[in-house]
Structures are given as structure tokens and as C-alpha cells.
Amino acid sequence: MIAPVDGPVAIDTGERPGAAMIKHRNLWLQVLLFIITLRIYGIYWYCSTFKEMVEHQDQEENAVLWTILALTPIANLFWFWKHGGLVEGVTNNKYPQWLLFVLLIFIGLAAWLITQLELNKLATQEA
Numbered sequence: 149m150i151a152p153v154d155g156p157v158a159i160d161t162g163e164r165p166g167a168a169m170i171k172h173r174n175l176w177l178q179v180l181l182f183i184i185t186l187r188i189y190g191i192y193w194y195c196s197t198f199k200e201m202v203e204h205q206d207q208e209e210n211a212v213l214w215t216i217l218a219l220t221p222i223a224n225l226f227w228f229w230k231h232g233g234l235v236e237g238v239t240n241n242k243y244p245q246w247l248l249f250v251l252l253i254f255i256g257l258a259a260w261l262i263t264q265l266e267l268n269k270l271a272t273q274e275a
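Sequence positions in the sequence shown follow the numbering used here and run 149 to 275.
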């Protein structure tokens with residue numbers, strides 16, 4: 149006979165902590181979508197990758213709220229800093245937060261390329 153269990157029961161799902169799925173994205177398709185949607189895809193991309201990086205690092209942040217902040221003049225600097233920190237975290241400090249912050253301000257395309265290339269590497273490793 150099985151005894152009843154009091155309280156929550158932990159179930160092993162086979163996933164390791166921080167194993168949030170990072171999506172592999174085609175760079176050329178992203179450029180095309182960015183142009184066709186008149187940069188609206190860029191907002192979607194930032195929100196999606198922000199969420200993936202937060203989940204990968206087991207943080208609790210609201211990607212939608214941070215994306216809204218990114219659309220607000222001056223306040224978007226906080227978002228640039230936060231996004232740079234997330235990229236620094238998923239790349240194991242390969243790209244410092246301050247570098248990505250500066251790139252997001254002055255050369256957004258370079259920051260986007262670095263971010264997506266690194267996320268694609270992670271997605272390939274996890275697959």
C-alpha cells in the first residue's frame with residue numbers, strides 16, 4: 149500500500165536548472181523581417197531574446213515590461229544596460245556589459261549580431 153504524501157512532491161523532469169530553450173534564428177531571415185515590418189520585428193526580437201536569456205539564467209524579470217521600458221526615451225538606457233548584462237551572462241563574460249551597452253547606443257546592429265550569434269551557439273549546444 150502506498151502512503152499518502154503531505155505537501156508538494158518534486159517531480160524530476162530531466163531538465164537541468166537554467167536549461168531554458170534558446171531558439172536558433174536565421175540571421176538573413178531576421179534582416180528581411182526587420183526591413184519588411186519596418187523595424188517592428190526588432191521589438192519582437194528584443195522581447196523574445198530578453199525572455200530567453202532571463203529564463204536561461206534562472207532570473208525573474210518581465211520581458212514585456214522591460215521591452216516597454218526600451219521604447220521609452222531616456223528610460224531605454226536602463227534597458228540597454230540590462231540587456232547587455234544578460235548577454236554578458238549567457239556568454240560567460242565573453243562580451244562585457246559595458247561594451248554591449250555602448251554598442252546598443254551607437255551601433256545597434258553590431259549588438260544585435262553579437263547577441264544573435266551567441267544565442268545561436270547556445271541553441272546549437274542545447275540541441
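The beta carbon of each residue, even a glycine, is placed where N, CA and C say it ideally should be.
In this model, E203 and P221 are separated by some 26 Å (Cα to Cα).
Here W260 is buried: its Cβ has 16 or more other Cβ atoms, across all protein chains shown, within 10 Å.
The alpha-carbon of L213 is positioned some 12 Å away from that of A223. If you draw a straight line from the Cα of H231 to the Cα of A271, it is about 18 Å long. In this structure, E266 lies near Y243, with their beta-carbon atoms less than 9 Å apart.
F228 places its beta carbon less than 9 Å from that of L248.
For H231, the secondary structure class from DSSP, reduced to helix, strand or coil, is helix.
DSSP places E266 inside the alpha helix (DSSP H), whose first and last residues are G256 to E274.
Taking 9 Å as the cut-off, the Cβ atoms of H172 and N268 count as close.
Taken in chain order, the complete alpha helix (DSSP H) segments of 4 residues or longer contained in the region 191-222 are 211-218. Under the three-state reduction of DSSP, L186 is assigned to coil, being neither helix nor strand. Short of 6 Å from the beta carbon of L217, and not among the five residues preceding or following it, lie these beta carbons of its own chain, in chain order: A223 and W227.
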